[in-house]
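Residue numbers (the working numbering): 491 to 746.
For each residue, glycine too, the CB sits at the ideal point set by N, CA and C.
These figures come from a predicted structure and were not determined experimentally.
Before any comments, here is the structure.
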Amino acid sequence: MSSWNPEQYERFRNERSKPFFDLLDMVTPIPGGRAIDLGCGTGELTKVMHERVGAKSTVGLDNSETMLERSREQAGRGLAFKLGTILRFRPRTPYDLVFSNAALQWVDEHESLFPKLAEAVAPGGQIAIQMPDNDTHVSHLVADALADEDPFLRVLGGPRTWPVLAPERYAEILDSLGFTDIEVVLRIYVHHLESRDSIVEWVKGTYLTYYKARLTEQEYEEFLKRYREGLYAALPDTRPVVYTYRRLLMHAVKAS
Ligand SMILES: C[S@@+](CC[C@H](N)C(=O)[O-])C[C@H]1O[C@@H](n2cnc3c(N)ncnc32)[C@H](O)[C@@H]1O
491 MSSWNPEQYE RFRNERSKPF FDLLDMVTPI PGGRAIDLGC GTGELTKVMH
541 ERVGAKSTVG LDNSETMLER SREQAGRGLA FKLGTILRFR PRTPYDLVFS
591 NAALQWVDEH ESLFPKLAEA VAPGGQIAIQ MPDNDTHVSH LVADALADED
641 PFLRVLGGPR TWPVLAPERY AEILDSLGFT DIEVVLRIYV HHLESRDSIV
691 EWVKGTYLTY YKARLTEQEY EEFLKRYREG LYAALPDTRP VVYTYRRLLM
741 HAVKAS
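This is the structure we're talking about:
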């Protein structure tokens, strides 16, 4: 079940790539090392990461065939892509860099996920993660409120439970898992988009994919119509419109 659409996702490519580069700036190169990109999507950014850190080999892992289809164009020169879920990610040999940009917000139970990720990092290796944390923005609240109302409530059983923890909690978790040089940064990105409709298009490519995957085509069309109405009622019609986006970036080194 994949509702990811690479074309829709990449409509806001420039806005979305900024946090990726901010995360990459936190990473120390690993010349000749091994890296993994969890939830690599179309693989374009994985390739940038692979080259920038100087890895000998990098694997991009994703559970969406449609996103991975695009990644084939990027493969080669030590870069490979694999279909698979982060939920079952248990590598036999740990990596020098476990990297993940804008993907772990799709995985639940971070308290139990992080110890597994930590096991995948070699002693002296790095973990680098960026996650959107914008569930308190009206762009997400309107969708969640709809999911809490019939007819959608009957099908969905309620809104999505947001799994991203408080920034401090990640610092504590990484510390308890034997990481040093821990940096957890909460950053608000400010985007000037053409109009409110651009926010709808943005969210269609990401957050709404959760609801799309659980509704029939007809139900989703109705959901989207009511989402647009709800968002328009909540936001003034300014052009451009300011879309603030809260994100967590973290980086740490595993003790040797
Ligand atoms: C917002 S995209 C980010 C893609 C890429 N990292 C980037 O920065 O452009 C999130 C990606 O995470 C993938 N994903 C979500 N849940 C996953 C899981 N459990 N296992 C593997 N990939 C997952 C999706 O298929 C999607 O390609």
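Checklist line | C-alpha distance - residue 702 paired with residue 710, whole-angstrom precision | finding: Here the question's residue 702 lines up with position 212 in the sequence shown. Here the question's residue 710 lines up with position 220 in the sequence shown. Taking C-alpha positions only, residue 702 is separated from residue 710 by approximately 6 Å.
Item checked: CB of residue 571 within 8 Å of CB of residue 550, strictly -> Within the sequence shown, numbered from 1, the residue matching residue 571 stands at position 81. Within the sequence shown, numbered from 1, the residue matching residue 550 stands at position 60. Contact flag set, yes.
Next item on the list: Using 7 Å as the cut-off, classify the Cβ of residue 656 as near or not near the heavy atoms of ligand 1, replying yes or no.
Entry: Here residue 656 corresponds to residue number 166 of the sequence shown, with the count starting at 1. Not a single heavy atom of ligand 1 lies less than 7 Å from the C-beta of residue 656.
Check: Under 7 Å from any heavy atom of ligand 1, does the C-beta of residue 692 make it?
Finding: One-based indexing of the sequence shown puts residue 692 at position 202. No.
Check: Can you find at least 3 beta carbon pairs, one from the stretch 587 to 600 and one from the stretch 559 to 570, that sit closer than 8 Å?
Finding: no
Check: Taking C-alpha atoms, which residue in 494, 578, 618, 582 lies nearest to residue 602?
Finding: Here residue 602 refers to the residue found at position 112 when the sequence shown is read from its first residue. Each of 494, 578, 618, 582 was checked against the Cα of residue 602, and the nearest Cα belongs to 578.
Notebook entry, point to check: In or out: residue 640 buried (at least 16 other Cβ within 10 Å) or exposed?
Noted result: Position 150 of the sequence shown, counted from the first residue, corresponds to residue 640. That one is exposed.
Item checked: Those residues which DSSP pairs with residue 550 across a bridge -> As a first step, residue 550 is located in the sequence shown; it is residue number 60 there, counting from the start. Answer is 527, 571.
Note to self: For the stretch 714 to 730 against the stretch 688 to 698, do three or more pairs of beta-carbon atoms, one drawn from each stretch, fall closer than 8 Å, so that the two count as touching?
What the structure shows: With the rule of 3 Cβ pairs closer than 8 Å, the stretch 714 to 730 counts as touching the stretch 688 to 698.
Note to self: So, for residue 547: in the same chain, excluding its five sequence neighbours on each side, which residues have a beta-carbon less than 6 Å away from its beta-carbon?
What the structure shows: The count along the sequence shown starts at 1 and reaches residue 547 at position 57. So the qualifying residues of the chain are 524, 568.
Next item on the list: Could you give the DSSP three-state label for residue 627: helix, strand or coil?
Entry: If you number the sequence shown from 1, residue 627 lands on position 137. Here residue 627 sits in coil by DSSP.
Notebook entry, point to check: Three-state secondary structure (DSSP) at residue 739?
Noted result: In the sequence shown, the residue the question calls residue 739 occupies position 249. Strand at residue 739.
Next item on the list: For residue 740, I'd like the list of residues in its chain whose CB is within less than 6 Å of its CB, leaving aside the five on either flank, ordered along the chain.
Entry: Here residue 740 corresponds to residue number 250 of the sequence shown, with the count starting at 1. Around residue 740: 619, 660, 674.
Item checked: Collapsed DSSP secondary structure at residue 689 in the structure displayed -> Locating residue 689 in the sequence shown gives position 199, counting from the first residue. Of the three classes helix, strand and coil, the one that applies to residue 689 here is helix, per DSSP.
Checklist line | Residues of its chain near residue 513, where Cβ-Cβ distance is below 8 Å and the 5 sequence neighbours each way are ignored | finding: Along the sequence shown, read from residue 1 onward, the residue named residue 513 stands at position 23. Closer than 8 Å at Cβ, skipping near neighbours: 589, 591, 618, 619, 620, 739, 741.
Margin query: Does residue 542 come out as helix, strand or coil in the three-state DSSP assignment?
Written below: Numbered from 1 along the sequence shown, position 52 holds the residue referred to as residue 542. If DSSP states are grouped into helix, strand and coil, residue 542 belongs with the helices.
Check: Does ligand 1 have a heavy atom nearer than 7 Å to the CB of residue 738?
Finding: What you label residue 738 is simply residue 248 of the sequence shown in a count that begins at 1. No, the beta carbon of residue 738 sits no closer than 7 Å to any heavy atom of ligand 1.
Notebook entry, point to check: Any idea what DSSP makes of residue 699, helix, strand or coil?
Noted result: Taking the sequence shown and counting its residues from 1, one reaches residue 699 at position 209. Looking at residue 699 - three-state DSSP - the assignment turns out to be helix.
Check: Enumerated in chain order, which unbroken segments of the alpha helix (DSSP H) with a length of 4 residues or greater are wholly contained in the stretch 618 to 688?
Finding: 628 to 637, 642 to 646, 657 to 666
Note to self: Relative to the C-alpha of residue 735, which candidate in 611, 629, 609 has its C-alpha closest?
What the structure shows: For the purposes of this step, residue 735 is taken as residue 245 along the sequence shown, with counting starting at 1. Comparing Cα-Cα distances from residue 735 to each of 611, 629, 609, the minimum goes to 629.
Note to self: Which of the three DSSP states is assigned to residue 724 in this structure?
What the structure shows: As a first step, residue 724 must be located in the sequence shown, where it is residue number 234. Shown here, residue 724 sits in a helix according to DSSP, grouped into three states.
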